[in-house]
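To get this note's numbering, take the position in the sequence shown, counting from 1, and add 187.
The next block holds one structure in the form of structure tokens; read it before the comments.
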Amino acid sequence: MNQEIYENLRMGFETAYIDSRISSNLAFKPQFVSNNHQEGKKVISSIEDELLSCDKFQISVAFITMSGITPLLQTLKELEEKNIPGEILTTNYLSFSEPRALKKLQELKNIQLKMYDVDAADEGFHTKGYIFKNREIYRIIIGSSNITSAALTSNKEWNTKIVSAEQGEIAEQILAEYNQLWNSQYALDYEDFIENYVQQYEIVKHQRDTAKDEGITSLEKYKLQPNSMQVGFITNLKKILALGEKRALLISATGTGKTYASAFAMRELGFKRVLFLVHRNQLAKQAKRSYEKVFNKKVTMGIVGAGNHDYDADYVFATRDTLWREEHLYHYNPTDFDCIILDEAHHSAADTYQRIMNYFTPKLWLGMTATPDKRDDNIEGRNIYEIFHYQIAYEIRLQQAMEENMLCPFHYFGISDLSMIGDGKGRNKTITTEDFNLLTSDERVKHIIEQANYFGYSGDRVKGLIFCSRIAESRELSDKFNKMINPDTGKYFRTIALNGDADENERAESFERLAMDEADATDDIQPLDYIFSVEILNEGVDIIEVNQVIMLRPTQSPIVFIQQLGRGLRKAAGKEFVVILDFIGNYEKNFMIPIALSGDRTYNPDTIRKYVISGNSTIPGASTVHFDAVAKEKIFRSINKIRGMKAIIKDSYTSLKNRLGRVPYLMDFYENGEIDPLVIIREYKTYQDFLVSVENECHREKITDQEKLTLEYLSKTVLSGVRPYELEILKRLFHSDLISLPELTNELKNTYLHSFDEASLENAIQVLEGRFVSKEAEYQKYKKIDIIGDHDAKFIRRMVSYAKRLQHSEFYKQMDDLIRVGLRRYQDKFGKNQAADSPFVLYEKYSRRDVSLLMNCGRDLSSIMYGMKRIGDDVFIFITYHKVGAESEELQYAEGKPDYADAFTDSMIFRWDSQIGKGPESSYMQNVMGAKRKHLMVKKSDAETSFYYMGTCDILSAVGDKKMDNNGKMKDITKVTMKMHQPVREDLLKYLESNLLDEEGKAV
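Printed below as a string of structure tokens:
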């Protein structure tokens, strides 16, 4: 063992067991391993990280289930391809381990599986240990976690990760114990145990299922209890009614129990007659069944539609297409119903619904939807929020629903599709025969089947939905599937294509066939493995048994993505999880995928990137998210080239305006989690310019040119909230002509405590004079903002002209909006984590302009801040982690972008090459070496405009070397080794080190 590894082990031990303030390499630090998605921690993430970096792994756990194996399948496949050997030892204890999971592991060529027979050994077996070897180092996770979904993702679990050299006593003892168990006479090979174990498992499973079935009717009918969403909804609905409102909207993610929520509400509110309106007969029957479980036989219930005419029932379940017709509508008086419920209320603007709504006058109109925001909401009369008087009784989106365990957990796998047609052709309604053949090629069909079979499903058989981009494609793929053998059954696939031309009976029969079990098959009706479709399954389909969803189309909208994913999220008996397979091609809007999965609607590129990197650690509950390496890079490339942002911003604005019932401002976007205000400003310079673009004449003359100039300067200078001083001064200048500088200093010291910096406050005053610019011409332009007049050591004076401008209501509103957003951003992103001795926050992103501001440079130095910049006692080193290659074969590298060997060797050590021509004795390197504080700023590629602040570092060595320049001449450079003061965060390091891909998906 070399000295460097020894030192890393020693430092890791000191950090973990002696003093947490000591910095050490994360790879060598013992850690506590648990589940807490809010802190970005899950046991599964720790196990996957070790699997992906080991030379060999050995696992000993009591239980293994399919729900535990499934989220690991992508990682295990990668290890098989790399031929990383693995051993897994489990037990027959309680006959709990699932044979399907054991079979799946055995099929992996690199894994040897054994089962310890506790009955024959006559002893308990409760080990939960994961051993990973990397060269001469062992990393061992030991604690409470079996390979089950809950243990790896959501349970309260306590594990510790030990890091030891091979010769370490702890590692030797654990390995000796493991090897003793592995080589025991009671540890049986797969072929020796599987037949008897399957028989034993089936007997025990049958006994468990029988026990579960007893009393299920009484549980459903008499012990049915509202969940947290339903309780909150009922409470808020009562408040809305108490205020005299007659309309309310329930916004709730698919699968969270909207129908039950409405049934509980009707019961609690004591409504005698209720009309439940849906747009398909099948949904009317499903809703009626749910209501019967809540009400038992206390009220009469009937259906109007599909040949049923139960007009006089207390609770009527009717279809829109039946009730809007006069011969049915006029069976009722306008006041016959206490409440009318509109399911899928986002359709309520349609003429058929409006005819019904204009006829009846109930005490309450209740709308229910998972997707209230539609593209035509800006058209008069089509705003769903307006139709329901902006009264939102309750709102629960996908993320919160997962937090509260309302949905079936999902395991999402983003898989790289075979080379497909691109966006331009893919969006066309008609495509060439050649392109269609690509979409439906035998090669692609084989690829889809292989992936669907590998990642599997929960339950006895697959019950899947497959979403395609066009109807012809769905039909052709279904035909081809039906000619292929299902690897799971050894029989041909049974699939159909179901689209808009299918009538109600065809749809109902198809859904029944998909949901049914093999045991229920008859000569007349056989089960389906898959239904292929384009759009008709997006909403209003309640096949709770769906256990696999396959997406074969580009993601164009987060709303549609969630609708389709949501088809599998309803809980059902025998379904522990649903597998989501998303085949990702080279599409412009791939960035929509992490937006949809995370629920984050800010469209902030860094937030989207972060979710792709670490979404699996932060997603709530037992659900998991994985992207294969190629799919991940396709998404990163899409993020770097987001197009049509102005259209996205306008859609977000329309949605927010509809929801609020007024013109939204930047703070509304921020508080409602909509488009990041900085993204809006990047596209439009000022919010005023944006308002003119969407509201046109209504806002064109609302502010003067000077007011707009002020907003432009402040929007690009202080809106980001990287420091609060300018904003605090501006806030006080709203109401004061004179600010006492000593009093302001004391107030800010009390507010910002250790992070307060008096020099920065003084610099902030100069910034508000329009001086923070890069060129003299800019200063001549922005000095006209006229905010601060003459000032001295005692007072800051507000200019009279600025005071007059603040009397203009629209200018005041936009200034107040800008200041509030800036201060909130500072509090949320920077203030909480800012160190006492630095204006920077670890791992936040900063532009060169931000660095100029925070270092009190007095002006914007970004145009001359490349590679390295010395500012006083500080030096900043700017790194682009992945360099762009040369366009000409005659050049060594892209002009101005040499292929420097800049890289992290681990979480603590960074190696950096100086500029070509800058040897160790050069003034350039002397500036670096002589700086008191050395800061490292890194971005992944030139597609990013700002840099992650990686912290400060020390230089361990600076050695002279030679490098060829673009003219073919050898020049001096300096090879520098740095050690970070803080270990780099793991998820960020993964992101930086992941490969860039070219347009064909190949590493560059």
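A virtual CB, placed ideally from N, CA and C, is assigned to each residue, including glycine.
Same chain only: Cβ atoms within 6 Å of residue i, ignoring 5 sequence neighbours per side
{"i": "valine 220", "result": "Val230, Ser233, Ile328, Asn346, Lys348"}
{"i": "proline 851", "result": "Leu843, Lys844"}
{"i": "lysine 758", "result": "Cys595"}
{"i": "asparagine 490", "result": "Reading the sequence as shown, one finds isoleucine at residue 490 and not asparagine. Answer for isoleucine 490: Ala471, Asp497, Phe504, listed in chain order."}
{"i": "tyrosine 581", "result": "Gly419, Phe420, Asn423, Leu437"}
{"i": "glutamine 893", "result": "none"}
{"i": "valine 1146", "result": "Lys1162"}
{"i": "histidine 515", "result": "Thr509"}
{"i": "leucine 1048", "result": "Ser1039"}
Where the beta strand (DSSP E) through residue i begins and ends
{"i": "leucine 739", "result": "First-last for leucine 739: undefined, no H or E at that position."}
{"i": "tyrosine 365", "result": "Element bounds for tyrosine 365: not the beta strand (DSSP E) but the alpha helix (DSSP H), 356–369."}
{"i": "alanine 352", "result": "346–352"}
{"i": "lysine 1126", "result": "1120–1126"}
{"i": "phenylalanine 982", "result": "982–984"}
{"i": "asparagine 321", "result": "315–321"}
Straight-line gap, residue i to residue j (C-alpha atoms, nearest Å)
{"i": "arginine 267", "j": "tyrosine 939", "result": "In the sequence as presented, arginine is not what sits at residue 267; that position holds glutamate. In a straight line, the C-alpha of glutamate 267 is about 53 Å away from that of tyrosine 939."}
{"i": "tyrosine 325", "j": "asparagine 1043", "result": "48 Å"}
{"i": "methionine 253", "j": "glutamine 293", "result": "13 Å"}
{"i": "lysine 145", "j": "glutamate 432", "result": "No information on residue 145 is available, as it lies outside the stretch 188 to 1191 that the chain covers here."}
{"i": "tyrosine 1178", "j": "threonine 397", "result": "49 Å"}
{"i": "threonine 891", "j": "phenylalanine 998", "result": "9 Å"}
{"i": "tyrosine 679", "j": "leucine 715", "result": "11 Å"}
{"i": "valine 817", "j": "arginine 434", "result": "48 Å"}
{"i": "methionine 1095", "j": "alanine 452", "result": "57 Å"}
{"i": "alanine 308", "j": "aspartate 236", "result": "34 Å"}
{"i": "glycine 848", "j": "tyrosine 572", "result": "8 Å"}
{"i": "leucine 935", "j": "tyrosine 912", "result": "8 Å"}
Extent of the continuous alpha helix (DSSP H) to which residue i belongs
{"i": "methionine 198", "result": "190–204"}
{"i": "isoleucine 952", "result": "945–953"}
{"i": "valine 220", "result": "No alpha helix (DSSP H) contains valine 220, which is instead part of the beta strand (DSSP E) from 218–220."}
{"i": "aspartate 1141", "result": "First-last for aspartate 1141: 1134–1151, but that is the beta strand (DSSP E), not the alpha helix (DSSP H)."}
Contact set for residue i: own chain, Cβ-Cβ below 8 Å, skip 5 residues either direction
{"i": "glycine 255", "result": "Ala288, Asn333, Ile334, Thr335, Ser336, Ala338, Leu339"}
{"i": "lysine 1105", "result": "Tyr1111, Met1112, Asp1159, Ile1160, Thr1161"}
{"i": "aspartate 647", "result": "Asp704, Glu705, Gly761"}
{"i": "lysine 1016", "result": "Gly908, Val1028, Glu1031"}
{"i": "leucine 925", "result": "Phe982, Ile983, Arg984, Arg985"}
Neighbourhood of residue i by C-beta, 7 Å cutoff - its chain only, sequence neighbours within 5 removed
{"i": "leucine 1078", "result": "Legend: pLDDT at leucine 1078 = 47, less than 50; position of this residue unreliable, no value from coordinates given."}
{"i": "tyrosine 409", "result": "Note that tyrosine 409 scores 41 on pLDDT, short of 50, meaning its location in the model is unreliable; the coordinates nonetheless yield the value given after this. So the list is empty, once near-sequence residues are dropped."}
{"i": "alanine 1090", "result": "Arg1098"}
{"i": "asparagine 342", "result": "Asn222"}
{"i": "threonine 446", "result": "Ala474, Ser477"}
{"i": "glutamate 407", "result": "Below a pLDDT of 50, predicted positions are generally treated as unreliable, and glutamate 407, at 44, falls in that range; the measurement from the model is reported next regardless. Cβ within range, chain order: Lys480."}
{"i": "glutamate 590", "result": "Pro807, Gly808"}
{"i": "histidine 576", "result": "Glu432, Arg434"}
9 Å Cβ cutoff met for residue i and residue j
{"i": "glycine 860", "j": "threonine 805", "result": "no"}
{"i": "isoleucine 746", "j": "leucine 685", "result": "no"}
{"i": "alanine 440", "j": "leucine 626", "result": "no"}
{"i": "aspartate 1003", "j": "serine 988", "result": "no"}
{"i": "methionine 555", "j": "aspartate 530", "result": "yes"}
{"i": "isoleucine 975", "j": "glutamate 963", "result": "no"}
{"i": "lysine 264", "j": "leucine 238", "result": "no"}
{"i": "lysine 650", "j": "isoleucine 737", "result": "no"}
{"i": "leucine 368", "j": "serine 282", "result": "no"}
{"i": "phenylalanine 959", "j": "threonine 904", "result": "yes"}
{"i": "phenylalanine 244", "j": "lysine 320", "result": "yes"}
{"i": "tyrosine 774", "j": "aspartate 787", "result": "no"}
Residue i: CB within 8 Å of a non-hydrogen atom of the ligand SAM
{"i": "lysine 991", "result": "As far as ligands go, the structure on display features none, and thus does not contain the ligand SAM."}
Any 3 or more C-beta pairs closer than 8 Å across the region 658–665 and the region 714–725: Using a Cβ-Cβ distance cut-off of 8 Å, the region 658–665 and the region 714–725 are in contact, since at least three pairs of beta carbons, one from each stretch, lie closer than that value.
task: Would you be able to state if there are at least three C-beta pairs under 8 Å between the region 1118–1133 and the region 1050–1065?
output: yes
- prompt: Given 8 Å as the limit, is there contact between the region 533–542 and the region 384–391, that is, 3 or more CB pairs closer than that?
  reply: no
field: Segment contact, 8 Å Cβ cut-off, at least three pairs: the region 739–753 with the region 768–783
entry: yes
query: When the Cβ atoms of the region 814–821 are set against those of the region 860–874, are three or more pairs found closer than 8 Å?
result: no
task: For the region 206–215 and the region 1163–1173, state whether three or more C-beta atom pairs, one from each stretch, are separated by less than 8 Å.
output: yes
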